[in-house]
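Enquirer: One structure, pasted below without further comment.
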Amino acid sequence: MIFSRTYRYQSAMQIDDIKDRLVGKHVKVHDMDFEVSEKDYVLRIIPHAEQETTIKTLPITHVELKGKGNQTQLIISSKMRKIDSGGPMLIVIFCAFMLAGALLLFVFGEEEYMSFTYTFAGISLAIFLVFWMRMESGYFDYVRKIRDYIKKNVA
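Okay, so the sequence shown: first residue is 1418 according to the numbering used here, each after it adds one.
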């Protein structure tokens, strides 16, 4: 999916040492508390947004640990919470339809409709650009800072 991210790292630490360092700890990102827990041999980093009154798009991060000899491979995968994914997907689909409409008008439209074509394309790209910049400073920043927290504690 467009909002999922996966990272792979190697660590010289053993699996049990990594779990001891991470499980039960809390991560603070933008004044939001994330807790590291273990479920089915996978570490889960879940946001505590129960008392949150503002709308935020937050990630759920899974850390899969695989032993490879004297090293451990960490597979960090972050995805959007299901409750948060509706709005961003709606914006992406809206922008895609506007861009497709502009493309169809450009290919099949007459010369007198070219101003609508450029307007549709411009509005679509402007909305998507603002949306993506907001996602970079919000959702993807959470993902980056959680990933950096894991890297720092596992190095």
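Positions of the beta carbon are idealized from the N, C-alpha and C atoms, including for glycine. Model, not experiment: these values are computed from the prediction.
Give me, in chain order, the residues of the same chain whose beta-carbon lies closer than 7 Å to that of residue 1538; leave out the 5 immediate sequence neighbours on both sides.
Expert: Residue 1538 sits at position 121 when you count from the first residue of the sequence shown. Closer than 7 Å at Cβ, skipping near neighbours: 1516 and 1519.
Enquirer: Could you check how far apart the C-beta atoms of residue 1496 and residue 1476 are, in whole angstroms? I think they sit under 8 Å.
Expert: As a first step, residue 1496 is located in the sequence shown; it is residue number 79 there, counting from the start. As a first step, residue 1476 is located in the sequence shown; it is residue number 59 there, counting from the start. Confirmed, Cβ separation roughly 7 Å.
Enquirer: Among 1510, 1427, 1446 and 1527, which residue has its Cα nearest to the Cα of residue 1556?
Expert: The residue given as residue 1556 occupies position 139 in the sequence shown. Closest option to residue 1556, Cα to Cα, is 1446.
Enquirer: Contact check, residue 1563 vs residue 1478 under 8 Å by CB: the rounded distance?
Expert: The residue given as residue 1563 occupies position 146 in the sequence shown. The residue given as residue 1478 occupies position 61 in the sequence shown. Yes, residue 1563 and residue 1478 are in contact; Cβ-Cβ is about 5 Å, under 8 Å.
Enquirer: So if DSSP puts residue 1535 in a beta bridge, which residue, or which two residues, is it bridged to?
Expert: Taking the sequence shown and counting its residues from 1, one reaches residue 1535 at position 118. Partner(s): none; residue 1535 has no beta bridge.
Enquirer: Taking only the alpha-carbon atoms, compute the straight-line gap between residue 1432 and residue 1543 and give it to the nearest angstrom.
Expert: Start at 1 with the first residue of the sequence shown, and residue 1432 comes out as number 15. Start at 1 with the first residue of the sequence shown, and residue 1543 comes out as number 126. Taking the straight line joining both Cα atoms gives about 46 Å.
Enquirer: Is residue 1491 near residue 1426, with beta carbons less than 7 Å apart?
Expert: In the sequence shown, the residue the question calls residue 1491 occupies position 74. In the sequence shown, the residue the question calls residue 1426 occupies position 9. Yes.
Enquirer: Given that a residue counts as buried once 16 or more other Cβ atoms are within 10 Å of its Cβ, and exposed if not, what is residue 1541?
Expert: As a working mapping, residue 1541 is identified with position 124 in the sequence shown. So residue 1541 counts as buried.
Enquirer: Who pairs with residue 1485 in a beta bridge, going by DSSP?
Expert: Taking the first residue of the sequence shown as position 1, residue 1485 is located at position 68. Per DSSP, 1488.
Enquirer: Taking the alpha helix (DSSP H) that residue 1523 falls in, what are its first and last residues?
Expert: For the purposes of this step, residue 1523 is identified with residue 106 of the sequence shown, where counting begins at 1. Run containing residue 1523: 1503–1525, per the alpha helix (DSSP H) assignment.
Enquirer: Taking DSSP as the reference, what is the three-state secondary structure of residue 1428?
Expert: To locate residue 1428, count along the sequence shown from 1; it is residue 11. Residue 1428: strand per DSSP, three-state reduction.
Enquirer: Using the C-alpha atoms, what's the distance from residue 1504 back to residue 1570?
Expert: As a first step, residue 1570 is located in the sequence shown; it is residue number 153 there, counting from the start. As a first step, residue 1504 is located in the sequence shown; it is residue number 87 there, counting from the start. Computed Cα separation, rounded: 33 Å.
Enquirer: Per the DSSP calculation, residue 1449 is bridged to which residue(s)?
Expert: Residue 1449 sits at position 32 when you count from the first residue of the sequence shown. Per DSSP, 1446.
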